[in-house]
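*Asks:* Line by line, the protein sequences are chains A and B. The first sequence begins at 1 in my numbering and counts up by one. The second sequence begins at 1001 in my numbering and counts up by one. For glycine and all other residues, C-beta sits at the position ideal for the given N, C-alpha and C. What you are looking at is a predicted structure, and each value in this text was computed from that prediction instead of being measured. Structure incoming, see below.
Number of protein chains: 2
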Amino acid sequence: MTLEEATKTSGFKNQRHKSIVNVMFTSYQVKSRVSQVLKGYALTPEQFNVLRILKGSAPNPLCVKEIAGRLIERNSNVPRIADRLELKKLVKRSVSTEDRRETLMQITAAGINLLEAASQALESEQNLMVALSEEKAAILNQLLEEMLQE
Amino acid sequence: MTLEEATKTSGFKNQRHKSIVNVMFTSYQVKSRVSQVLKGYALTPEQFNVLRILKGSAPNPLCVKEIAGRLIERNSNVPRIADRLELKKLVKRSVSTEDRRETLMQITAAGINLLEAASQALESEQNLMVALSEEKAAILNQLLEEMLQE
DNA sequence: GAACGATATATGTACATACATGTATATTAA
DNA sequence: TTAATATACATGTATGTACATATATCGTTC
């Protein structure tokens, strides 16, 4: 499905205006496909990202602030995502002894197992999600980064 | 802020993998900037989009299904967005006489006024949001559309 | 070391998405 | 024409974002 079909709109003021809508549309499509794959593991994209960040630092725990700082969506409410992950026993929480204000989070063995299975599923779907050559993907990345400069 | 700074990640498996994260990151940044501008008009991006769609068909009303079909985010819950717009008297709802299952929505004069003011504000911020030439924006659009093909 | 301001996290509320289910109306089939 | 099915919308629940505020702890200053 193309952007125009999706929004039933053909009148963009200019290419830059179209880029704004296009980036949001493409992001939505990609995120939907990611969500579908993760649903098989009962994970939301946000929960998956928190697990991924925690695995990156395992076996060392990370504090909530550190996790929030690595998420794309900066206003994600890490304590509440953590609530759900803890209920599923995918992470453990503890109070830092160095700074008792900090809540440390650590991925559990069950969390690592689930994350690895989900990651593998996502990886094998990547070809379906991005129909671009490496060369074109590199150009796309360049343009996306340029887009946000001021 | 670049993608790598934002996510504190430098290890993408390949350019296509990076494109996935990059599209979501750029979309989030753009949507945040749009939200900021719209906040001055007490509108969320979703409310703005519904108003924009209704203005496109004004003075003819549209049914809920039709509006939902034109939104990027397909699972948006139009009745609830409509609730909020109606509270602010920006839209009117009525039952269709042709098919009493349908709820017709129509933008009010107040809705048109607010939409036009907000649109103008967004337009004048567009240069801040998209730091691309028209030529590069056209290439970006081409690549984004190619990305989703199967 | 007590008071003050800063910081880390938690929590409350409004809005939104994702999806299941309920309800009214329309359409189709028997 | 009635019964079954489909459609359009509304509503309930779980999850998440955005943002304001509360609470505990830390660091600093007097």
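At a Cβ cut of 7 Å, what residues of the region 110-138 of chain A count as close to chain B, listed as they run along the chain?
*Replies:* For the region 110-138 of chain A, which is checked against every Cβ of chain B, the residues closer than 7 Å are 126, 128, 129, 130, 131, 132, 134, 136, 137 and 138.
*Asks:* Starting from residue 1084 (chain B), follow its DSSP beta bridges and name the residues at the other end.
*Replies:* Position 84 of the second sequence holds residue 1084 (chain B). DSSP lists no partner for residue 1084 (chain B).
*Asks:* Could you compute how far the alpha carbon of residue 28 (chain A) sits from the alpha carbon of residue 97 (chain A)?
*Replies:* Against the first sequence, residue 28 (chain A) aligns to sequence position 28. Against the first sequence, residue 97 (chain A) aligns to sequence position 97. Those two C-alpha atoms are separated by around 41 Å.
*Asks:* Hey, could you find the ends of the alpha helix (DSSP H) residue 70 (chain A) is sitting in?
*Replies:* Sequence index remark: in the first sequence, residue 70 (chain A) carries index 70 (1-based). Looking at the DSSP string, the run of the alpha helix (DSSP H) that includes residue 70 (chain A) is 64-70.
*Asks:* Between A:116, A:111 and A:64, which lies nearest to residue 100 (chain A) when the distance is taken from Cα to Cα?
*Replies:* Along the first sequence, one-based indexing puts residue 100 (chain A) at 100. Among A:116, A:111 and A:64, the Cα nearest to that of residue 100 (chain A) belongs to A:64.
*Asks:* Among B:1090, B:1126 and B:1134, which has the Cα closest to the Cα of residue 1058 (chain B)?
*Replies:* Taking the first residue of the second sequence as 1, we reach residue 1058 (chain B) at position 58. When each option's Cα is compared against that of residue 1058 (chain B), the closest is B:1090.
*Asks:* Using a 10 Å radius around the Cβ and a threshold of 16 neighbouring Cβ atoms, would you call residue 149 (chain A) buried or exposed?
*Replies:* Along the first sequence, read from residue 1 onward, the residue named residue 149 (chain A) stands at position 149. Exposed: under 16 other Cβ atoms inside 10 Å.
*Asks:* Rank B:1033, B:1132 and B:1078 by C-alpha distance to the C-alpha of residue 1051 (chain B) and give the top, closest one.
*Replies:* Counted from its first residue, the second sequence places residue 1051 (chain B) at position 51. Of the listed residues, the one whose Cα sits closest to residue 1051 (chain B) is B:1078.
*Asks:* Report yes or no: do three or more beta-carbon pairs, one from the region 1033-1048 of chain B and one from the region 1114-1131 of chain B, lie closer than 8 Å?
*Replies:* Yes, they touch.
*Asks:* Using only the alpha-carbon positions, how far apart do residue 1046 (chain B) and residue 1103 (chain B) sit?
*Replies:* Within the second sequence, numbered from 1, the residue matching residue 1046 (chain B) stands at position 46. Within the second sequence, numbered from 1, the residue matching residue 1103 (chain B) stands at position 103. Near 19 Å, if we compare the C-alpha coordinates of residue 1103 (chain B) and residue 1046 (chain B).
*Asks:* Can you pull the chain A residues whose beta carbon is under 8 Å from the beta carbon of residue 1027 (chain B), in chain order?
*Replies:* The residue labelled residue 1027 (chain B) in the question sits at position 27 within the second sequence. Chain A residues near residue 1027 (chain B): 23, 24, 26, 27 and 28.
*Asks:* Helix or strand or just coil, what does DSSP make of residue 1092 (chain B)?
*Replies:* Counting from 1 along the second sequence, the entry for residue 1092 (chain B) is found at position 92. Note: residue 1092 (chain B) maps to strand in three-state DSSP.
*Asks:* How would you write the range of the alpha helix (DSSP H) that residue 38 (chain A) sits in, first residue to last?
*Replies:* Residue numbering aside, residue 38 (chain A) sits at position 38 when the first sequence is read from its first letter. It spans 15-39 - the alpha helix (DSSP H) in which residue 38 (chain A) sits, taken as one unbroken run.
*Asks:* Can you name the residues of chain B whose CB is closer than 7 Å to the CB of residue 16 (chain A)?
*Replies:* Counted from its first residue, the first sequence places residue 16 (chain A) at position 16. Within chain B, the residues near residue 16 (chain A) are 1126, 1130, 1132, 1134 and 1137.
*Asks:* Just to confirm my understanding: we take residue 125 (chain A), look at its own chain, exclude 5 residues before and 5 after, and list those with CB closer than 6 Å. What are they?
*Replies:* Counted from its first residue, the first sequence places residue 125 (chain A) at position 125. If we look at residue 125 (chain A) and ignore the five residues flanking it on each side, its Cβ neighbours are 37.
*Asks:* Hey, quick one: how far does the beta strand (DSSP E) through residue 1149 (chain B) stretch, first residue to last?
*Replies:* By one-based count along the second sequence, residue 1149 (chain B) stands at place 149. No beta strand (DSSP E) holds residue 1149 (chain B); DSSP gives it neither H nor E.
*Asks:* With DSSP as the reference, please indicate the residues paired to residue 47 (chain A) in a beta bridge.
*Replies:* The sequence position of residue 47 (chain A) within the first sequence is 47, counting from 1. DSSP lists no partner for residue 47 (chain A).
*Asks:* Work out the CA separation of residue 1016 (chain B) and residue 81 (chain A) for me, nearest whole Å.
*Replies:* For the purposes of this step, residue 81 (chain A) is taken as residue 81 along the first sequence, with counting starting at 1. For the purposes of this step, residue 1016 (chain B) is taken as residue 16 along the second sequence, with counting starting at 1. The straight-line gap from Cα to Cα measures roughly 28 Å.
*Asks:* With distances taken between CB atoms, is the gap from residue 1146 (chain B) to residue 132 (chain A) smaller than 9 Å?
*Replies:* Against the second sequence, residue 1146 (chain B) aligns to sequence position 146. Against the first sequence, residue 132 (chain A) aligns to sequence position 132. Yes, the pair counts as a contact, with Cβ atoms nearer than the cut-off.
*Asks:* Along the chain, where does the alpha helix (DSSP H) that runs through residue 1104 (chain B) open and close?
*Replies:* On the second sequence, position 104 is the one that residue 1104 (chain B) refers to. Looking at the DSSP string, residue 1104 (chain B) is not in any alpha helix (DSSP H); the run it does join, the beta strand (DSSP E), is 1103-1107.
*Asks:* Identify whether residue 1127 (chain B) lies in helix, strand or coil by the three-state DSSP scheme.
*Replies:* Taking the first residue of the second sequence as 1, we reach residue 1127 (chain B) at position 127. If DSSP states are grouped into helix, strand and coil, residue 1127 (chain B) belongs with the helices.
*Asks:* At a CB-CB cut-off below 9 Å, which residues of chain A make contact with residue 1081 (chain B)?
*Replies:* Locating residue 1081 (chain B) in the second sequence gives position 81, where the first residue counts as 1. Under the 9 Å cutoff, chain A gives no residues; its nearest Cβ is about 16 Å from residue 1081 (chain B).
*Asks:* What residue from B:1134, B:1094 and B:1129 has the CA that sits closest to residue 1062 (chain B)'s CA?
*Replies:* Taking the second sequence and counting its residues from 1, the one referred to as residue 1062 (chain B) is at position 62. Comparing Cα-Cα distances from residue 1062 (chain B) to each of B:1134, B:1094 and B:1129, the minimum goes to B:1094.
*Asks:* Taking 8 Å as the cut-off, does the CB of residue 1087 (chain B) come closer than this to any heavy atom belonging to the ligand ADP?
*Replies:* Summarising the ligand content, the structure contains no ligands, and the ligand ADP is consequently not present.
*Asks:* Using beta-carbon positions only, say whether residue 128 (chain A) and residue 1144 (chain B) come within less than 9 Å of one another.
*Replies:* Translated into the one-based positions of the first sequence, residue 128 (chain A) becomes position 128. Translated into the one-based positions of the second sequence, residue 1144 (chain B) becomes position 144. Their beta carbons are not under 9 Å apart, which means residue 128 (chain A) does not touch residue 1144 (chain B) by this criterion.
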